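S.K.: Last residue of the sequence shown: 330 in the numbering used here, with the numbers rising by one and none dropped. Quick one: the structure is below, and I'll ask about it shortly.
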Amino acid sequence: MSKLEFKLDLIEQELALVNKRLGEIIESAGPEIQEVGDYIFNGTGKRIRPTLFLIAAYRDGKNLSHLIDAAVALELIHTASLLHDDVIDQADLRRGKDAAHIKWSNKIAVLSGDYLLSRAFDLLVSYQDWPMMNIVVNIVRNMSEGEVEQAFANTSMPDLEERYLSWIGKKSASFFAGCCEAGSLLGGDGRSEQLLWSKYGYNLGIAFQLIDDLLDYTGDNSATGKPIYGDLNNRVITLPLIRTIKQHRKQEVISNFIENNQACGSQIGVVARTVLDGDGPAYTYKKAEEYADKAAVLSRQLNSQHKYKALVLEQLAHNLLLRKK
Ligand code: FPP
Ligand code: MG
């Protein structure tokens, strides 16, 4: 399993249990789901959402084994959303191999996502913890809202940068925030500490998605395991492009792009080159840095209860900026 490169000794055993339990969930399904599940989980997921949840719940000397199912549920929801997302984005590659909708079909990918979502809620319901359920339901609600809003976007909309931050806030940062908040809740923190965790996760999540969107232009697809310029190909409007549109609106290649709200064939390469030659990538990275810094500051305000915990959280924010995948 590939993780973001930081030391996670604190919850190493729990993460191994998360992977084991994920395997059990898939093995308990019928052969068709097993086939899809073996394929999608036999990869290099970063398990970042279970990681955040477990770190937030971590307490010195306390056993976290009762939280494994909840951590697994968060990973199942994430995987379900990716199965759907690759259909929506028409992305052919995920984690270095054919996306599920390419290997099978849109129908299989969407239905398998639905199945994983149902298994996630099955695991969560058994906790009978309604505040936790409320957090997780809001994660899914926010993700869906953010996706729909971004899908309705077009390049002539005003205030694109603010809108973009709201989309990624809903579709990605809310998930990170919810994992942190739920972990803090189940770890026994009071409301103000839970909200601090949520803020940490939100800022981390924005930084994470900014880097994700940057890597779509600057990344090496053998590392990201995703197609290069995938967002541009599928008219997903992200900050590197938004910044380019703002600065080069009069340039023919960009004005054509805005007029048609898309680029086709060889135009993709020309628009991508304009993005790469401008300051969109550096601007996006700088924004990611700002949010990662905010997360690091918040991590120092948390009641960490463990001398390494704050360090891990700060490292997590920093390493996220260096990630190549
Ligand atoms: C990846 O974004 C996708 C998300 C962060 C959220 C996807 C959410 C949904 C499809 C709605 C909720 C659905 C379910 C089943 C809970 P990206 O396309 O920017 O990242 P990528 O480059 O990894 O594809
Ligand atoms: Mg996508």
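For each residue, glycine too, the CB sits at the ideal point set by N, CA and C. No experiment lies behind these values; they were computed from the predicted model shown.
In the DSSP output, what is Asp103 paired with across the bridge?
M.R.: Note: Asp103 sits in a beta bridge opposite Leu98.
S.K.: Could I get the ranges of all uninterrupted alpha helix (DSSP H) runs contained in the region 16–75, with 4 residues as the minimum, in chain order?
M.R.: Those alpha helix (DSSP H) runs which fall completely within the region 16–75 and span 4+ residues are 17–32, 36–46 and 53–62.
S.K.: Residue range of the alpha helix (DSSP H) that Gly206 falls in?
M.R.: It spans Arg196 to Thr223 - the alpha helix (DSSP H) in which Gly206 sits, taken as one unbroken run.
S.K.: With DSSP run on the structure shown, which of helix, strand or coil describes Tyr169?
M.R.: Here Tyr169 sits in helix by DSSP.
S.K.: Using 7 Å as the cut-off, classify the Cβ of Leu87 as near or not near the heavy atoms of the ligand FPP, replying yes or no.
M.R.: True, at least one ligand heavy atom lies under 7 Å from that Cβ.
S.K.: Could you give the C-beta distance for Thr279 and Gln256, rounded to a whole number, given that I count them as a contact under 8 Å?
M.R.: With 8 Å as the limit, Thr279 and Gln256 qualify as a contact, their Cβ atoms being about 7 Å apart.
S.K.: What's the gap between the Cα of Asp14 and the Cα of Arg328?
M.R.: Computed Cα separation, rounded: 20 Å.
S.K.: For Lys175, verify whether its CB is less than 7 Å away from any heavy atom of the ligand FPP.
M.R.: No, the Cβ of Lys175 stays beyond 7 Å of every heavy atom of the ligand FPP.
S.K.: For Ala96, verify whether its CB is less than 7 Å away from any heavy atom of the ligand MG.
M.R.: Checking every heavy atom of the ligand MG against the Cβ of Ala96, one is found closer than 7 Å.
S.K.: Please report how far the alpha carbon of Lys8 lies from the alpha carbon of Ile16, in whole angstroms.
M.R.: Because Lys8 carries a pLDDT of 44, less than 50, the predicted location of this residue cannot be relied on, and the following value inherits that uncertainty. C-alpha separation (whole angstroms): 13 Å.
S.K.: Since Met137 is in the alpha helix (DSSP H), which residue starts that stretch and which ends it?
M.R.: That run of the alpha helix (DSSP H) goes Trp135 to Ala156.
S.K.: Grab me the residues of Gln39's own chain with a C-beta within less than 8 Å of its C-beta, minus the 5 sequence neighbours each way, in chain order.
M.R.: Ile31 and Glu32, listed in sequence order.
S.K.: State the start and end residues of the unbroken alpha helix (DSSP H) segment that holds Leu1.
M.R.: For the chain, the structure presents residues 6 to 330; residue 1 sits outside this window and is missing.
S.K.: Are at least three pairs of beta-carbons, each pair with one atom in the region 186–205 and one in the region 51–66, less than 8 Å apart?
M.R.: They touch, by the three-pair rule.
S.K.: What alpha helix (DSSP H) runs, 4 residues minimum, are completely inside the region 220–304?
M.R.: For the region 220–304, whole alpha helix (DSSP H) runs of length 4 or above, ordered along the chain, are 226–229, 235–238, 244–253, 257–265 and 271–282.
S.K.: With respect to the alpha helix (DSSP H) encompassing Tyr120, which residues constitute its N-terminal and C-terminal limits?
M.R.: Tyr120 -> alpha helix (DSSP H) spans Asn111 to Val130.
S.K.: Taking only three categories from DSSP, how would you classify Asp91?
M.R.: The answer is helix: DSSP assigns Asp91 an H, G or I state.
S.K.: With DSSP as the reference, label Asp79 as helix, strand or coil.
M.R.: It is Leu, not Asp, that sits at residue 79 in the sequence shown. Reduced to three states, the DSSP call for Leu79 is helix.
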